[in-house]
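I have placed the structure first, in the form of structure tokens, so that the comments after it can refer back to it.
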Amino acid sequence: MRQKRTGADFQGGVGFPKSNPKNKGVSEMKGEKTYKEIVRQIEHFEKDAALYYEKNNQAAGTRARKALDNIAKLKVIWRKECLAK
Numbered sequence: 002m003r004q005k006r007t008g009a010d011f012q013g014g015v016g017f018p019k020s021n022p023k024n025k026g027v028s029e030m031k032g033e034k035t036y037k038e039i040v041r042q043i044e045h046f047e048k049d050a051a052l053y054y055e056k057n058n059q060a061a062g063t064r065a066r067k068a069l070d071n072i073a074k075l076k077v078i079w080r081k082e083c084l085a086k
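Number 86 marks the last residue of the sequence shown (the working numbering); no jumps.
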């Protein structure tokens with residue numbers, strides 16, 4: 002079953018995922034949580050975009066566009082965190 006995503010998934014550090022073994026290359030530093038959330042949103046986008054193109058699933062297309070919007074918002078947050086070092 003697909004987990005429902007909310008606005009809290011990407012705003013202000015609330016709702017970030019727990020550690021992911023794929024992301025071991027990033028040390029505990031400012032912006033790591035945002036980085037992990039960007040990776041998670043990219044994974045959601047890849048999955049939904051594949052469903053949209055392979056099965057012409059319109060709802061998956063909507064979810065893919067929403068994931069891209071979230072990535073754009075997270076990009077701004079991550080950039081500010083990196084420059085604040």
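Backbone N, C-alpha and C fix where the C-beta goes; we use that ideal spot for every residue, glycine too.
Taking C-beta atoms as the reference points, A60 and F46 fail to come closer than 7 Å.
Per DSSP, the continuous alpha helix (DSSP H) segment holding G62 begins and ends at Q59 to L84. With a cutoff of 7 Å on beta-carbon distance, I78 and T35 are scored as near each other.
R66 has its alpha-carbon roughly 29 Å from the corresponding atom of M30. The continuous stretches of alpha helix (DSSP H) do not include K31, and DSSP gives it neither H nor E. In this structure, the CA atom of R41 is about 23 Å from the CA atom of A85.
D49 is classed as buried because its beta carbon has at least 16 other beta carbons within 10 Å across all chains shown. The criterion of a C-beta distance shorter than 7 Å is not satisfied by L75 and E33.
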